[in-house]
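Chemist: Mind having a look at this structure? Questions to follow.
Protein chains: 2
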Amino acid sequence: MTADIITIGDELLIGQVVDTNSSWIARQLNLAGISIRCRTAVGDKAEQITEALDTAIVHSDIVIITGGLGPTRDDLTKQTLARWLGVELVFDRATFDRVERLLTSRGIDPGGINRSQAMLPEGCRILPNDLGTAPGMWMEREGRVIISLPGVPFEMKGLMEGQVLGMLRERFPTESIIHRTALCFGLAESTLAERIESWEDALPHWLRLAYLPNPSGVRLRLSAYGVDPLLAGREIDERFERLRQLVPDYFVGFYDSVNQAVADLLTASGHTLAVAESCTGGAISASLTAMAGASAYLLGSVVSYSNELKQSVLAVDAGDLERYGAVSRQVAEQMAVGVRRLCNSDYALATTGIAGPGGGTPLKPVGTVWIAVATPSELFSHMIRLGDLREQNIARASASAVNMLRLLLIGRPEVATSDGLL
Amino acid sequence: MTADIITIGDELLIGQVVDTNSSWIARQLNLAGISIRCRTAVGDKAEQITEALDTAIVHSDIVIITGGLGPTRDDLTKQTLARWLGVELVFDRATFDRVERLLTSRGIDPGGINRSQAMLPEGCRILPNDLGTAPGMWMEREGRVIISLPGVPFEMKGLMEGQVLGMLRERFPTESIIHRTALCFGLAESTLAERIESWEDALPHWLRLAYLPNPSGVRLRLSAYGVDPLLAGREIDERFERLRQLVPDYFVGFYDSVNQAVADLLTASGHTLAVAESCTGGAISASLTAMAGASAYLLGSVVSYSNELKQSVLAVDAGDLERYGAVSRQVAEQMAVGVRRLCNSDYALATTGIAGPGGGTPLKPVGTVWIAVATPSELFSHMIRLGDLREQNIARASASAVNMLRLLLIGRPEVATSDGLL
């Protein structure tokens, strides 16, 4: 069972908005066992919409369209769909009444708007929309299903969840698709791929592997198509377990980020954390607190951008700052010790480095970052060398620092400070 | 001049990632006067990639492809492109050396897998990639241009900005499109639209207005198509000047964010800033330090997640914490005063609130945020009420806090603390 998704709107073609609708729809359909063949975004032009419909209907059982259902003149989806189906737009009294009630309840004069919203392609099945003025539409042609939904994300989601997904499950009982994704951190994508080559070769043909690298590590996704879900789930679990045994220090687990792993470890053990950030400028704290529940383990952070603050608040030695420079093992370690004492936490994490674009020297080029972790009884530090891009350097230094803490929390100090670690 | 954008990757079809590449590319091409006809996302399957290429090449002068260039086996773009063009993949020594240098400089063993990164379609023009192992490729067929770029966003952007856009401008001289975008902050989109209705109505027909709301305010974009650039630029400047006079306290300027405006104001005046963050958890510091040059004005920040830290480091009164609670005017003001003293800065900004999902009470529901600013001589505070979503609350509270500082920096204390302000 396959589907095409067509999103309609000029704003999608001038880069004014990022299309989140189609990835949301893709995820929902996948969970329902429907594969997406293609996602297409076209403008509010009848010709482009028709062409996209013509292509989609040849290849897929289901075509889901969003957007272009507004009452203004630039929205053409309904007219184009009606012409494409060879039917007329006809007035629907129930939709008219519903739109009038909705607008009145919001203190808006319905005016002429709602009449155009009640003009719908003859013979379509109307999907009432409780959250806006444009109803969804379910149409059929040559055994294929075409579904048109409004482009406003929460209206689209309301219709999908409340009506469309159930109707699709009824109409197309599907085979199962199972995905599971694990995170690896500390090895470059190519190095990881070499290390696990034999594991990858041994995967059964019905399991597909995908590499998804980002600053937070390399995610590996296994997907099983058309296999009994229980069997597939068990096989995927076993394969990932073998992967864990193959690269135990780099296999983080079933997380999207190392932050989630560290949050789980700290929350489970009841330990607390403090952070001292220089080059990461608050990015570690912000990414930890972006997850609900951070107050269970994070006591606080100090962003010590100036050397004065490193001395006055974190008790970094002025002589060491002078002698070794702010980007040094000594200063990173003293920052970690200082913020741990300040916050009275179990663990502390510190970063100091040169994010760029300025500030580099021949000995300490842009991208040089020192990371230190203070545990209840010991002190560790490690240097990494990143690239030239500030944004990228901040993201990667943050993730590497959190991963270093993770390795110490799971008792792998020799890995946490090993040279090859990213 | 039209372009098609094809993004490649199974992850785009199962909804695992949101495709930000194609909207970014669309925006850049638009600015260069190239219209996008269609955006298509397909999986890592040779048949789907070929089909998308066949369709695109018929309709557009330019086809830009991203993704599927990794060294792992799931990536098929190069092989598919070569077959589609009727050429072989051939070894490129310069690319091989470049990849080896890049990996070695990052402390990664190049190994054998990166040899595959140097196998490229015969006759293509190679676009060297300084930021990753996959080079871009520029190919031509029947007068159309096909450009293949890596899917990693910063590598793609590096190649587009450094090479592709310039090459396209040379190859396809286009009619002019001029866009200019100004930021407004502090009014809801619909309220702003009502206030500036007459201004909008008076725009000449060849100027198009677009509203671009996000947590950082409402950006207004004026676009002129096919008009003499000098004339268009002058007219746009005049229109924006009238807009500024219409809503002087909400018109921030030609910025993407209030952070940029505040960074400019502080840098120009030579004043310094310290930040104390509770509910925003480091997001203000991280967003300020994400911009190069932050060390010119930002001395440091304290993320005081725990009440103990509020007392010990920021000198918030224990009795007031007890009496008024951590989310209160008193605590916000004391945090601002405390961090200003700690860092010895000219200005200080503080936030304390309930980001959610937990922690709300009937009197202080989730979304309640107190913001305080300490200036060299005075102290201001203001409460805002946001929604239920943690991520949005953090983003909006951060932006509102920075905007409050902005209003005080430009001498508008009565607006900074006014009730209607978002």
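Protein sequence lines, in the order shown, are assigned to chains H and S.
Start counting the first sequence at 988; every next residue gets the next number (this note's numbering).
Start counting the second sequence at 988; every next residue gets the next number (this note's numbering).
All residues carry an ideal CB built from backbone N, CA and C; glycine is no exception.
Which two residues bound the contiguous beta strand (DSSP E) that contains HIS1046 (chain H)?
Modeler: Taking the first residue of the first sequence as position 1, residue 1046 (chain H) is located at position 59. Per DSSP, HIS1046 (chain H) belongs to no beta strand (DSSP E); it is in the alpha helix (DSSP H), 1033 to 1046.
Chemist: Where does GLN1232 (chain S) land, buried or exposed, given buried means 16+ other C-beta within 10 angstroms?
Modeler: Here residue 1232 (chain S) refers to the residue found at position 245 when the second sequence is read from its first residue. When all chains shown are included, GLN1232 (chain S) counts as exposed.
Chemist: Are there 16 or more other CB atoms within 10 angstroms of the CB of ALA1281 (chain S), so buried, or fewer, so exposed?
Modeler: One-based indexing of the second sequence puts residue 1281 (chain S) at position 294. It is buried - the Cβ of ALA1281 (chain S) has at least 16 other Cβ atoms within 10 Å.
Chemist: Contact defined as beta carbons within less than 8 Å: I believe THR1053 (chain H) pairs with THR989 (chain H). What is the distance between those atoms, to the nearest angstrom?
Modeler: Residue mapping note: residue 1053 (chain H) aligns to position 66 of the first sequence, counting from 1. Residue mapping note: residue 989 (chain H) aligns to position 2 of the first sequence, counting from 1. Contact flag wrong, Cβ pair sits at about 18 Å.
Chemist: Tell me whether the beta-carbon of ALA1337 (chain H) lies closer than 8 Å to the beta-carbon of VAL1326 (chain H).
Modeler: The residue you call residue 1337 (chain H) lines up with position 350 of the first sequence. The residue you call residue 1326 (chain H) lines up with position 339 of the first sequence. Against a cut-off of 8 Å, the Cβ pair of VAL1326 (chain H) and ALA1337 (chain H) comes out as a contact.
Chemist: Closer than 7 Å by beta-carbon distance: list the chain S residues that pair up with SER1282 (chain H), in chain order.
Modeler: Within the first sequence, numbered from 1, the residue matching residue 1282 (chain H) stands at position 295. By Cβ distance, chain S contributes TYR1292.
Chemist: Output the distance between the C-alpha atoms of GLY1204 (chain S) and TYR1237 (chain S), rounded to the nearest integer angstrom.
Modeler: Taking the second sequence and counting its residues from 1, the one referred to as residue 1204 (chain S) is at position 217. Taking the second sequence and counting its residues from 1, the one referred to as residue 1237 (chain S) is at position 250. Using only the alpha carbons, I get a separation of about 9 Å.
Chemist: Taking only beta carbons into account, state which residues of the segment 1377 to 1400 of chain S come closer than 8 Å to chain H, listed in chain order.
Modeler: Residues passing the 8 Å Cβ filter: ARG1377, GLU1378 and ILE1381.
Chemist: Give the secondary structure of TRP1125 (chain H) by DSSP, where H, G and I count as helix, E and B as strand, and everything else as coil.
Modeler: The residue labelled residue 1125 (chain H) in the question sits at position 138 within the first sequence. The answer is strand: DSSP assigns TRP1125 (chain H) an E or B state.
Chemist: Any beta carbon of chain H sitting closer than 8 Å to that of PRO1160 (chain S)?
Modeler: Along the second sequence, one-based indexing puts residue 1160 (chain S) at 173. Not closer than 8 Å to any Cβ of chain H, the Cβ of PRO1160 (chain S) fails to qualify, so no.
Chemist: What separation, rounded to the nearest whole angstrom, lies between the Cα atoms of GLU1365 (chain H) and ARG1024 (chain S)?
Modeler: Working through the first sequence from its first residue, we reach residue 1365 (chain H) at position 378. Working through the second sequence from its first residue, we reach residue 1024 (chain S) at position 37. Roughly 60 Å between the two C-alpha positions.
Chemist: Quick check on this structure: which residue in S:GLY1138, S:ALA1388, S:SER1293 and S:PHE1141 has the alpha carbon closest to the alpha carbon of LEU1275 (chain S)?
Modeler: Numbered from its first residue, the second sequence carries residue 1275 (chain S) at position 288. The shortest Cα separation from LEU1275 (chain S) among S:GLY1138, S:ALA1388, S:SER1293 and S:PHE1141 belongs to S:ALA1388.
Chemist: Going by CA-CA distance only, name the one from H:PHE1078, H:GLY1268, H:ASP1188 and H:LYS1144 that's closest to ASN1380 (chain H).
Modeler: Walking along the first sequence from the start, residue 1380 (chain H) turns up at place 393. The option with the nearest alpha carbon to ASN1380 (chain H) is H:GLY1268.
Chemist: Determine which residues share a DSSP beta bridge with ILE995 (chain H) and list them.
Modeler: Numbered from its first residue, the first sequence carries residue 995 (chain H) at position 8. DSSP, once it has assigned bridges, lists H:VAL1029 as partnering ILE995 (chain H).
Chemist: Could one say the Cβ of GLY1268 (chain H) lies closer than 8 Å to chain S's Cβ atoms, at least one of them?
Modeler: Numbered from 1 along the first sequence, position 281 holds the residue referred to as residue 1268 (chain H). True, the Cβ-Cβ gap to chain S drops below 8 Å.
Chemist: Tell me whether the beta-carbon of VAL1353 (chain H) lies closer than 8 Å to the beta-carbon of MET1322 (chain H).
Modeler: Along the first sequence, one-based indexing puts residue 1353 (chain H) at 366. Along the first sequence, one-based indexing puts residue 1322 (chain H) at 335. Taking 8 Å as the Cβ cut-off, VAL1353 (chain H) and MET1322 (chain H) do not qualify as a contacting pair.
Chemist: Taking the beta strand (DSSP E) that GLY1240 (chain H) belongs to, which residues open and close that run?
Modeler: The count along the first sequence starts at 1 and reaches residue 1240 (chain H) at position 253. Counting along the chain, the beta strand (DSSP E) containing GLY1240 (chain H) begins and ends at 1238 to 1240.
Chemist: Any Cβ of chain S within less than 8 Å of the Cβ of ARG1372 (chain H)?
Modeler: Numbered from its first residue, the first sequence carries residue 1372 (chain H) at position 385. Closer than 8 Å: yes.
Chemist: Quick one: is ASN1116 (chain S) near chain H, going by C-beta distance under 8 Å?
Modeler: The residue you call residue 1116 (chain S) lines up with position 129 of the second sequence. No, no contact with chain H.
Chemist: Would you tell me roughly how many angstroms separate the C-alpha atoms of VAL1324 (chain H) and GLN1035 (chain S), rounded to the nearest one?
Modeler: Mapped onto the first sequence, residue 1324 (chain H) falls at position 337. Mapped onto the second sequence, residue 1035 (chain S) falls at position 48. Looking at the two C-alpha atoms, the distance is approximately 55 Å.
Chemist: Who pairs with ARG1206 (chain S) in a beta bridge, going by DSSP?
Modeler: Position 219 of the second sequence holds residue 1206 (chain S). DSSP, once it has assigned bridges, lists S:LEU1170 and S:LEU1199 as partnering ARG1206 (chain S).
Chemist: Would you mind sorting THR1254 (chain S) into buried or exposed? The rule is 16 or more other CB atoms within 10 Å of its CB.
Modeler: Taking the second sequence and counting its residues from 1, the one referred to as residue 1254 (chain S) is at position 267. The residue in question, THR1254 (chain S), is exposed, as its Cβ has fewer than 16 Cβ neighbours within 10 Å.
Chemist: Would you please verify whether the beta carbon of PRO1349 (chain H) is less than 8 Å from any beta carbon of chain S?
Modeler: Taking the first sequence and counting its residues from 1, the one referred to as residue 1349 (chain H) is at position 362. Taking Cβ atoms only, chain S never reaches closer than 8 Å to PRO1349 (chain H), which makes this a no.
Chemist: Once the 5 residues before and after LEU1190 (chain S) are set aside, which same chain residues still bring their CB inside 7 Å of it?
Modeler: Here residue 1190 (chain S) corresponds to residue number 203 of the second sequence, with the count starting at 1. Contacts found: LEU1196 and ARG1226.
Chemist: Over what stretch of residues does the alpha helix (DSSP H) that includes PRO1363 (chain S) continue unbroken?
Modeler: The residue you call residue 1363 (chain S) lines up with position 376 of the second sequence. Run containing PRO1363 (chain S): none; DSSP gives neither H nor E here.
Chemist: Could you name the residues of chain S that HIS1369 (chain H) contacts, counting a contact when the two beta carbons are closer than 8 Å?
Modeler: Mapped onto the first sequence, residue 1369 (chain H) falls at position 382. Under the 8 Å cutoff, chain S gives no residues; its nearest Cβ is about 12 Å from HIS1369 (chain H).
Chemist: Report the residues of the segment 1172 to 1184 of chain H with a CB closer than 8 Å to any CB of chain S, ordered along the chain.
Modeler: Those residues of the segment 1172 to 1184 of chain H that come within reach of chain S (Cβ to Cβ, closer than 8 Å) are ALA1175, GLU1176, SER1177, THR1178, ALA1180 and GLU1181.
Chemist: Between the Cα of VAL1262 (chain S) and the Cα atoms of S:LEU1286, S:MET1391 and S:LEU1252, which residue gives the shortest distance?
Modeler: Counting from 1 along the second sequence, the entry for residue 1262 (chain S) is found at position 275. Selected option, being the one with the closest Cα: S:LEU1286.
Chemist: Could you tell me the distance, in whole angstroms, from the CA atom of ALA1270 (chain S) to the CA atom of SER1288 (chain S)?
Modeler: Residue mapping note: residue 1270 (chain S) aligns to position 283 of the second sequence, counting from 1. Residue mapping note: residue 1288 (chain S) aligns to position 301 of the second sequence, counting from 1. Each residue's alpha carbon lies about 11 Å from the other.
Chemist: Helix, strand or coil: which one does DSSP assign to ILE1223 (chain H)?
Modeler: Sequence index remark: in the first sequence, residue 1223 (chain H) carries index 236 (1-based). The answer is helix: DSSP assigns ILE1223 (chain H) an H, G or I state.
Chemist: Please identify the residue among H:SER1332, H:ALA1277 and H:LEU1296 whose C-alpha is closest to the C-alpha of LEU1296 (chain S).
Modeler: Along the second sequence, one-based indexing puts residue 1296 (chain S) at 309. Nearest of H:SER1332, H:ALA1277 and H:LEU1296 to LEU1296 (chain S), Cα basis: H:SER1332.
Chemist: Can you give the Cα-Cα distance for ALA1219 (chain H) and ARG1112 (chain H), rounded to whole angstroms?
Modeler: In the first sequence, the residue the question calls residue 1219 (chain H) occupies position 232. In the first sequence, the residue the question calls residue 1112 (chain H) occupies position 125. Their backbone Cα atoms lie some 37 Å apart in a straight line.
Chemist: Report the three-state DSSP secondary structure of ALA1277 (chain S) (helix, strand or coil).
Modeler: Taking the first residue of the second sequence as position 1, residue 1277 (chain S) is located at position 290. The answer is coil: DSSP assigns ALA1277 (chain S) none of H, G, I, E or B.
Chemist: I'd like to know if THR1120 (chain S) contacts chain H, where contact means its C-beta is closer than 8 Å to some C-beta of that chain.
Modeler: For this step, residue 1120 (chain S) is matched to residue 133 along the second sequence. Closer than 8 Å: yes.
Chemist: Please go through the same chain and pick out, in chain order, the residues whose beta-carbon is closer than 7 Å to the beta-carbon of VAL1214 (chain S), but skip the five residues on each side of it.
Modeler: The sequence position of residue 1214 (chain S) within the second sequence is 227, counting from 1. Here the set comprises TRP1193.
Chemist: According to DSSP, is PRO1108 (chain S) helix, strand or coil?
Modeler: Walking along the second sequence from the start, residue 1108 (chain S) turns up at place 121. Here PRO1108 (chain S) sits in strand by DSSP.
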